[in-house]
Amino acid sequence: MPQPTPGTPSLLRAINDRAALQALLERGPLTRPEIGALTGLSKPTASQLLLRLQEAGLVVPGGVREGLPGRTAEVYRLNPSAAYVAALDVTRTHIDARVADITGAVVGEYRQPTPAAAAPRDAERATEEAVRNVRAALDGAHAPAALRHVVVGVQGAPDPGTGALGYATAEDLPGWLVPDLVATLGRRLGVRVAVENNVNLVAQAEQAHGSARGHRDFVLLWADEGLGAALVLGGRLHRGATGGAGEIGYMPAPGAPTARETGRYGDHGYQALGGGPAVLRILRSHGVHGDGPAAAVSRAVRAAGSGGPEAAAALAGLRDVAGRLAVGLASITAVVDPEIVVLTGGTLLAGGRLLRDLVEEELHALTIPRPPLLLSAVEGNPVLAGALDLALAAAREEVFGSTLSS
1 MPQPTPGTPS
11 LLRAINDRAA
21 LQALLERGPL
31 TRPEIGALTG
41 LSKPTASQLL
51 LRLQEAGLVV
61 PGGVREGLPG
71 RTAEVYRLNP
81 SAAYVAALDV
91 TRTHIDARVA
101 DITGAVVGEY
111 RQPTPAAAAP
121 RDAERATEEA
131 VRNVRAALDG
141 AHAPAALRHV
151 VVGVQGAPDP
161 GTGALGYATA
171 EDLPGWLVPD
181 LVATLGRRLG
191 VRVAVENNVN
201 LVAQAEQAHG
211 SARGHRDFVL
221 LWADEGLGAA
231 LVLGGRLHRG
241 ATGGAGEIGY
251 MPAPGAPTAR
261 ETGRYGDHGY
271 QALGGGPAVL
281 RILRSHGVHG
291 DGPAAAVSRA
301 VRAAGSGGPE
311 AAAALAGLRD
321 VAGRLAVGLA
331 SITAVVDPEI
341 VVLTGGTLLA
351 GGRLLRDLVE
361 EELHALTIPR
371 PPLLLSAVEG
381 NPVLAGALDL
391 ALAAAREEVF
401 GSTLSS
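Under the working numbering, the first residue of the sequence shown is numbered 1, with each subsequent residue one higher.
Take a look at the structure:
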């Protein structure tokens, strides 16, 4: 039986350093006695720790705290410039960027347009253009030259084995369908890069800050122009063997064409049944129009609650949409049996409580599992929120562990 390895002085120092940095991150500026109390260190050891972290550039003095009994106490805080990270949300029309320091404070945001007409047809030039757009988005968000990590959200599924982006076409993301996508981005940008499915990032944000907080088994359904899902099982995101878990737009659905009839990336399955174009057609047939699915659903909700002559038709249209969304959702919940289902994306958020109630009613009529359906509680762009969470976690793991080798 192997003997446990005794703790070396350097290892114990690194453990104490990490505990102090984590306390400063979670609680904000602290005095030396407070850091000592939180870490269980004596005053001399806490003083040595703070000196060591200041010399490493990880901690800086944060002024003094007055109004307490005894002497005025100097406080210390995590050095915001110890590391910077960036989050990107890449779509067909634009790239949203957000940059934050290691404390999580956002220091810059920017939207870089990526008009389809400007995308060159040559694959190599398309990749160069994609990288230029990413760099322009980071520059616009005032990203410092020495970023630690960048997490990119895309409308596709990165294969964990090969790194290639699947479940997307060159028309959707020109220049991004290269075999070594992560390595290419990292090499061209000069920074560590991770690429993640955008809906998976939304689930990350919901689990950390939103409606799924405290739940270990949940399904997230995203409905907008396209349909997507994320599965969190046992507290961990389930990606699948090729990264395609949750790509439910391609899932066969009753009443919709299959890939056999339309082709692999044609309009078929769940997407054809309840995706954005289908929602527009359904509501239009009930006399409700809109520039996009979210706008049409929002108009239908207002009409349904107006009490006017159009109310019954608008409600019938919303019920039709809800029934279609419930059909696909039933296939997932019948297999996964989640604690909750989180609803998000333009279509579902525009529908609000009314559409949520209708989808839940239809779903519970179809399956034995009856998980409650909750609307998203993440404000702003949830893709950026989830990507920033992952980037910060990676940077903190690296920075907080850096004293072990120093």
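For every residue, glycine included, the Cβ atom is placed at its ideal position computed from N, Cα and C.
Determine the extent of the beta strand (DSSP E) in which residue i is found, giving its start and end residues.
i      : result
Pro113 : Val106 to Pro113
Ile95  : His94 to Asp101
Pro61  : Val59 to Arg65
Gly228 : Leu227 to Leu233
Ala170 : No beta strand (DSSP E) holds Ala170; DSSP gives it neither H nor E.
Leu21  : Not the beta strand (DSSP E): Leu21 falls in the alpha helix (DSSP H), residues Pro9 to Arg27.
Leu374 : Leu373 to Leu375
Ala86  : Tyr84 to Val90
So, residue i versus residue j, is the Cβ gap smaller than 8 Å?
i      : j      : result
Glu247 : Gly228 : yes
Leu373 : Arg353 : no
Gly190 : Thr127 : no
Arg396 : Ile102 : yes
Arg98  : Ala82  : no
Val232 : Asp217 : yes
Asp159 : Gly255 : no
Leu375 : Gly328 : no
Leu363 : Thr333 : yes
Asp17  : Arg92  : no
Ala203 : Ala245 : no
Val383 : Leu177 : no
Ala394 : His209 : no
Ala278 : Val288 : no
Thr367 : Ala322 : no
Ser47  : Arg32  : yes
Leu24  : Leu78  : yes
Taking its Cβ as the centre, do 16 or more other Cβ atoms sit within 10 Å of residue i, making it buried, or is it exposed?
i      : result
Phe400 : buried
Ala170 : exposed
Ser285 : exposed
Val335 : exposed
Leu388 : buried
Asp180 : exposed
Val106 : exposed
Val64  : exposed
Glu360 : buried
Arg213 : exposed
Asp337 : exposed
Glu196 : buried
His142 : exposed
Leu392 : buried
Asp122 : exposed
Ala241 : exposed
Ala117 : Reliability fails at Ala117, whose pLDDT of 48 lies under 50, so the model's placement of it is uncertain and the value that follows must be treated cautiously. Result: exposed.
Leu12  : exposed
Val59  : buried
Thr8   : exposed
Gly459 : In the structure as shown, the chain starts at 1 and stops at 406, and residue 459 therefore has no counterpart that could be examined.
Gly307 : exposed
Leu51  : exposed
What residue from the options has the CA that sits closest to residue i's CA?
i      : options                           : result
Ala253 : Val152, Gly275 and Ala170         : Gly275
Pro257 : Arg302, Asp89 and His268          : His268
Ala304 : Gly351, Arg324 and Ala385         : Gly351
Ala146 : Asp224, Gly317, Ala100 and Arg27  : Ala100
Gly293 : Glu225, Leu325 and Leu343         : The sequence shown places Pro at residue 293, not Gly. Residue Glu225 is the option with its Cα nearest to Pro293.
Thr184 : Arg132, Thr91 and Leu390          : Arg132
Gly317 : Arg302, Ser331 and Arg264         : Arg302
Pro29  : Gln155, Tyr76 and Pro369          : Tyr76
Ala194 : Tyr167, Ala168, Arg188 and His149 : His149
Gly409 : Pro33, Ala73, Arg52 and Trp222    : The question about residue 409 has no answer, for the chain in this structure spans 1 to 406.
Tyr270 : Leu325, Asp291, Ala300 and Arg319 : Leu325
His94  : Ala136, Leu53, Arg125 and Val60   : Ala136
Arg188 : Ala143, Ala141, Gly235 and Ala130 : Ala130
Arg111 : Gly104, Glu124, Arg125 and Val90  : Val90
His419 : Leu220, Arg125, Thr347 and Ser47  : Residue 419 cannot be examined here, being either before or after the span of the chain that is shown, 1 to 406.
Arg192 : Arg264, Tyr84 and Thr45           : Tyr84
Glu109 : Leu138, Arg32 and Val134          : Leu138
Gly163 : Val182, Ala312 and Asn79          : Val182
Pro144 : Ala23, Gly40 and Pro80            : Pro80
Ala223 : Gly234, Gly249, Ser211 and His215 : Gly249
Val151 : Asp96, Pro115, Thr114 and Arg125  : Asp96
Going by DSSP, what residue range makes up the alpha helix (DSSP H) through residue i?
i      : result
Asp357 : Gly346 to Leu366
Gly413 : This structure gives no information on residue 413, because the portion of the chain shown stretches from 1 to 406.
Val383 : Pro382 to Phe400
Pro44  : Lys43 to Glu55
Ala73  : Segment Ala73 to Leu78 is the beta strand (DSSP E) holding Ala73; no alpha helix (DSSP H) there.
Val151 : Premise fails: Val151 lies in the beta strand (DSSP E), His149 to Val154, not in any alpha helix (DSSP H).
Thr333 : Ala311 to Val336
Thr39  : Arg32 to Thr39
Enumerate, from N- to C-terminal direction, the unbroken beta strand (DSSP E) stretches of 3 or more residues contained entirely within the stretch 186-217.
-> 192-197
Taking the runs of the alpha helix (DSSP H) that are 4 residues or longer, which of them lie wholly in the stretch 236-295?
-> 259-262, 269-274 and 276-285
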